[in-house]
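In full-length UniProt numbering, the protein residues as written are 1 to 141. Below you'll find the structure, written out as structure tokens, and then a few comments.
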Amino acid sequence: MLFSKSTGGFYDRSIHCAAIPSDAVELTDAQYRALLDGQSAGKRIVAGADGKPVLADPPAPTADQLAVQARAKRDGLVGSTDWVIARHRDQVETGVKTSITAGQYTELMQYRQALRDVPTQKGFPSSIDWPNIPAFALALM
Numbered sequence: 001m002l003f004s005k006s007t008g009g010f011y012d013r014s015i016h017c018a019a020i021p022s023d024a025v026e027l028t029d030a031q032y033r034a035l036l037d038g039q040s041a042g043k044r045i046v047a048g049a050d051g052k053p054v055l056a057d058p059p060a061p062t063a064d065q066l067a068v069q070a071r072a073k074r075d076g077l078v079g080s081t082d083w084v085i086a087r088h089r090d091q092v093e094t095g096v097k098t099s100i101t102a103g104q105y106t107e108l109m110q111y112r113q114a115l116r117d118v119p120t121q122k123g124f125p126s127s128i129d130w131p132n133i134p135a136f137a138l139a140l141m
């Protein structure tokens, strides 16, 4: 197996023949397997100064990526309580006994609003103080 620093790719002589870049360096099967194992564990394969492939940590997420991840988590947490809110509203509108009290409903709505306010926190998106779900709601999940 060969590795090319210029393309960042691997080449097999039996497959690529004349298409192998001139800067390709030879790897043993053990080296190649170790690189693939490292990649499977979350590392990146990059060219070292000598042109040979080495394993490197992935780059830290950007602020935009952290914000996307935080909003996705927030949306999931809000969504996980939708059914409790919908059930309570349906029970109130149909006049049947509710599964949660009016106070618990208010507490849950405040929790959901706190989740929606997460992006306005100082330090967002790298430092987030996630609100705690009310204990009664956690017991329902």
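Glycine residues also receive a C-beta, built at the ideal position from the N, C-alpha and C atoms.
- Between Asp23 and Lys43 a beta carbon distance of about 22 Å is seen, past the 8 Å cut, so the two are scored as non-contacting.
- Under DSSP, Ser4 forms a beta bridge with Gly9.
- Look at Ile45 here: in three-state DSSP terms it is strand.
- Distances from the alpha-carbon of Ser127 to those of Leu35, Pro21, Ala70, Tyr11 put Ala70 closest.
- Straight across, the Cα-Cα distance linking Ile45 with Val54 is about 6 Å.
- Sequence-distant Cβ neighbours of Met141 in its own chain, meaning closer than 6 Å and more than five residues away, do not exist here.
- With respect to the 8 Å criterion, Val84 and Arg116 are not classified as neighbours on the basis of their beta carbons.
- Bridge pairing for Glu93: absent [DSSP].
- For Val25, the beta-bridge partners assigned by DSSP are Phe3.
- By alpha-carbon distance to Gln31, the top candidate from Lys73, Arg89, Leu2, Pro119 is Leu2.
- Pairing Gln113 with Asn132, the inter-Cα distance amounts to about 12 Å.
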